[in-house]
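Reading through the structure tokens given below for one structure.
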Amino acid sequence: MNKETQAILHATMVAARLHKRLAKQESLFDNGRVNVFEAAFHLGVPLLFRPLDQLLGAFLSDPAPGVLVTTKRPLSVQRFTVAHELGHQQLGHTASLDQEGILARSPYWGSKQDLQELEANAFAAAFLMPRSLMAQQCKRHGWIGLQLQSPIPVYQLSLRLGASYEATCWALHRYDFLTLSQAKKLAAVSPKEIKSGLLGGYRPETFWGDVWLLDEHDRETKVSGSRSDLFIFRLPEHSGGGYLWNFDELAKTEFRVVRDERESVDDGIGSNSVRRITAESEDRQVGLLRLTEARPWQPAEAIHEFVLAYDLSGPEQPGESIYERRRLLEIGA
Amino acid sequence: MEDHTDQSQMSSELTERQALGERLRQAREYIGVSQEEVARLLQIPRTAITGMESGQRRVEATELKRLASIYRQPISYLSGETEIEKALPADVAHMARTASELSIDDRKELGRFAEYLRARGTVKGSV
């Protein structure tokens, strides 16, 4: 076994051990993702976000361990960087200043790498995307087989894991869901292209935000994203019986509907369809959405309900993590 | 003559209070909490925090203690009694020199973070 393989195995093992250790913290795996900022808090590692230009993040070991991460990148990059820097800390590394390069290299090939960086990256990948979590998300959403070879489900999986699209492609390969050539082909598709495809004719001001395709599988889950994210609700509608989804609730919770479409479904009866609503958050960052499907003349008698909790406060702003600040304000400690 | 002494005493007290206020403001902003939030934690009006940070209002000892714990900094650092070394740790300084395209602002942020960690390290019970 060469020293690169050894380093990867070691880092993966350390990540798995840390999962076990932190599993006592109930919220660590909440909402089907690893809450990496909470992990830093529970490990007692000071974590600060600051507007860094060329650095994605840094790990300082002297005078005391601490992690500094940029505010100038998307939430998924911030999450990966924190995991990478925690890797340095957990693996007993010396201080590290980490630039764009840590994202560009896959931890699993290309041998001319600094071993310390290779280890930290392998740790980050294993810590953020454990196999069990990935399998759990795929099962919940029914993403299996061929579906995992197409960009939209993989992109949606990445959002739910809080990882970047590309990192998710490599993780799917690592866990043998995809062959290397399938993963490479998927990774070559740009997230912007996927988002644009999902939005159809709608053009947001920028493509920085993510586009969540929410369907019945997301019922009663919590979505954690960023301020500029968009939601597409895709829900079966029993219009033949007069039942329609009521999206008035969206306006009440400060979402703006930017597209409202119906996809017809050939279910043999020809009377049902799929309602597809695209909405943008106007302001509200944290909340609960409750949509109902009812006959407009009998609104109280809903046949289906779609409840979704959301937190669109990312990416992290200068200072301590949102988690730590909320904790401070709630507990005062 | 007496008046003059009183006046200069008063003005030096004000300068000291302003310096303390400035350190409090910087410590608060560094961890990203608002004046409103700190006011809520201390159960005092927001204007009291504004007053403390501008040096217009005296900071009570109990308040300073509470603020130090919220900002995770030692009281002596906020009060200006102890200076915390601002230099980058030697290993980081070396890397910062060799890292390509590291901006002056990034270097400053690293220095500020090292200072924060040093100060935080002296708080009892902290990592």
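As you go down the protein sequences, you meet chains A and B in turn. Each number in the working numbering comes from the position in the first sequence (counting from 1) with 1 added on. Each number in the working numbering comes from the position in the second sequence (counting from 1) with 51 added on. Built from N, CA and C at the ideal position, the CB exists for glycine as well.
Less than 9 Å between CB atoms is the rule here; does residue i satisfy it with respect to chain A?
{"i": "Met146 of chain B", "result": "yes"}
{"i": "Glu104 of chain B", "result": "no"}
{"i": "Ala141 of chain B", "result": "yes"}
{"i": "Glu160 of chain B", "result": "yes"}
{"i": "Ser127 of chain B", "result": "no"}
{"i": "Ser130 of chain B", "result": "no"}
{"i": "Arg76 of chain B", "result": "no"}
{"i": "Ile121 of chain B", "result": "yes"}
{"i": "Ser70 of chain B", "result": "Here residue 70 of chain B is Ala; the residue named in the question, Ser, does not match the sequence. With 9 Å as the cut-off, Ala70 of chain B does not count as an interface residue toward chain A."}
{"i": "Arg91 of chain B", "result": "yes"}
{"i": "Glu80 of chain B", "result": "yes"}
{"i": "Val178 of chain B", "result": "The pLDDT assigned to Val178 of chain B is 38, lower than 50, so where the model puts this residue is not dependable, and the model offers no usable value."}
{"i": "Glu134 of chain B", "result": "no"}
{"i": "Leu65 of chain B", "result": "no"}
{"i": "Ala165 of chain B", "result": "yes"}
{"i": "Arg97 of chain B", "result": "no"}
{"i": "Leu115 of chain B", "result": "no"}
{"i": "Ser154 of chain B", "result": "yes"}
{"i": "Glu88 of chain B", "result": "yes"}
{"i": "Leu118 of chain B", "result": "no"}
{"i": "Asp57 of chain B", "result": "no"}
{"i": "Arg109 of chain B", "result": "no"}
{"i": "Ala112 of chain B", "result": "no"}
Look at residue i and residue j and say whether their C-beta atoms are less than 9 Å apart.
{"i": "Ala188 of chain A", "j": "Glu167 of chain A", "result": "yes"}
{"i": "Glu87 of chain B", "j": "Arg97 of chain B", "result": "yes"}
{"i": "Lys223 of chain A", "j": "Asn32 of chain A", "result": "yes"}
{"i": "Glu238 of chain A", "j": "Glu281 of chain A", "result": "no"}
{"i": "Pro125 of chain B", "j": "Val89 of chain B", "result": "no"}
{"i": "Glu104 of chain B", "j": "Arg79 of chain B", "result": "yes"}
{"i": "Leu289 of chain A", "j": "Val308 of chain A", "result": "yes"}
{"i": "Gly93 of chain A", "j": "Glu118 of chain A", "result": "no"}
{"i": "Gln90 of chain A", "j": "Leu44 of chain A", "result": "yes"}
{"i": "Ser322 of chain A", "j": "Phe50 of chain A", "result": "yes"}
{"i": "Ala84 of chain B", "j": "Asp63 of chain A", "result": "Looking at the sequence shown, residue 84 of chain B is not Ala but Val. Cβ atoms of Val84 of chain B and Asp63 of chain A: not closer than 9 Å."}
{"i": "Leu292 of chain A", "j": "Glu250 of chain A", "result": "yes"}
{"i": "Ile82 of chain B", "j": "Gly315 of chain A", "result": "no"}
Would you please verify whether the beta carbon of residue i is less than 9 Å from any beta carbon of chain B?
{"i": "Gln55 of chain A", "result": "yes"}
{"i": "Ser97 of chain A", "result": "yes"}
{"i": "Arg326 of chain A", "result": "yes"}
{"i": "Gln117 of chain A", "result": "no"}
{"i": "Arg80 of chain A", "result": "no"}
{"i": "Phe38 of chain A", "result": "no"}
{"i": "Glu321 of chain A", "result": "yes"}
{"i": "Gly67 of chain A", "result": "yes"}
{"i": "Ser62 of chain A", "result": "yes"}
{"i": "Arg51 of chain A", "result": "yes"}
{"i": "Ala59 of chain A", "result": "yes"}
{"i": "Pro47 of chain A", "result": "yes"}
{"i": "Gln100 of chain A", "result": "yes"}
{"i": "His43 of chain A", "result": "no"}
{"i": "Leu87 of chain A", "result": "no"}
{"i": "Leu104 of chain A", "result": "no"}
{"i": "Leu330 of chain A", "result": "yes"}
{"i": "Gln318 of chain A", "result": "yes"}
Rounded to the nearest angstrom, how far is the Cβ of residue i from that of residue j, given a contact under 8 Å?
{"i": "Leu29 of chain A", "j": "Ala12 of chain A", "result": "Rounded, the Cβ-Cβ distance is 19 Å, inconsistent with contact."}
{"i": "Asp157 of chain B", "j": "Gln318 of chain A", "result": "With a Cβ gap of about 18 Å, Asp157 of chain B and Gln318 of chain A do not count as contacting."}
{"i": "Leu104 of chain A", "j": "Val78 of chain A", "result": "7 Å"}
{"i": "Arg276 of chain A", "j": "Gly243 of chain A", "result": "Not quite, the Cβ-Cβ distance comes to about 14 Å (not below 8 Å), so this is no contact."}
{"i": "Leu53 of chain A", "j": "Glu160 of chain B", "result": "6 Å"}
{"i": "Gln69 of chain B", "j": "Gly106 of chain B", "result": "3 Å"}
{"i": "His218 of chain A", "j": "His142 of chain A", "result": "5 Å"}
{"i": "Glu283 of chain A", "j": "Phe256 of chain A", "result": "7 Å"}
Inter-stretch contact at 8 Å, needing at least 3 Cβ pairs: the region 75-86 of chain A / the region 114-122 of chain B: no
Mind listing, in chain order, the continuous beta strand (DSSP E) runs of no fewer than 3 residues lying wholly within the region 56-105 of chain A? 56-61, 67-71, 97-100
Starting from the N-terminal side, write out each stretch of the alpha helix (DSSP H) that is 4 residues or longer and does not extend beyond the region 152-181 of chain A. 152-162, 166-175
Examine the Cβ distances between the region 160-170 of chain B and the region 65-73 of chain A and report whether three or more of them are shorter than 8 Å. yes
Report yes or no: do three or more beta-carbon pairs, one from the region 2-16 of chain A and one from the region 115-127 of chain A, lie closer than 8 Å? Contact between the region 2-16 of chain A and the region 115-127 of chain A is present, because at least three Cβ pairs lie under 8 Å.
Segment contact, 8 Å Cβ cut-off, at least three pairs: the region 139-152 of chain B with the region 90-98 of chain A: yes
Inter-stretch contact (C-beta, 8 Å, three-pair minimum) for the region 213-231 of chain A and the region 156-164 of chain A: Short answer: they touch.
Below 8 Å, how does it come out for the region 221-236 of chain A and the region 202-212 of chain A: are there three or more Cβ pairs, yes or no? Touching, yes.
I'd like the ranges of any beta strand (DSSP E) spanning at least 3 consecutive residues and lying wholly in the region 181-237 of chain A. 212-215, 222-227
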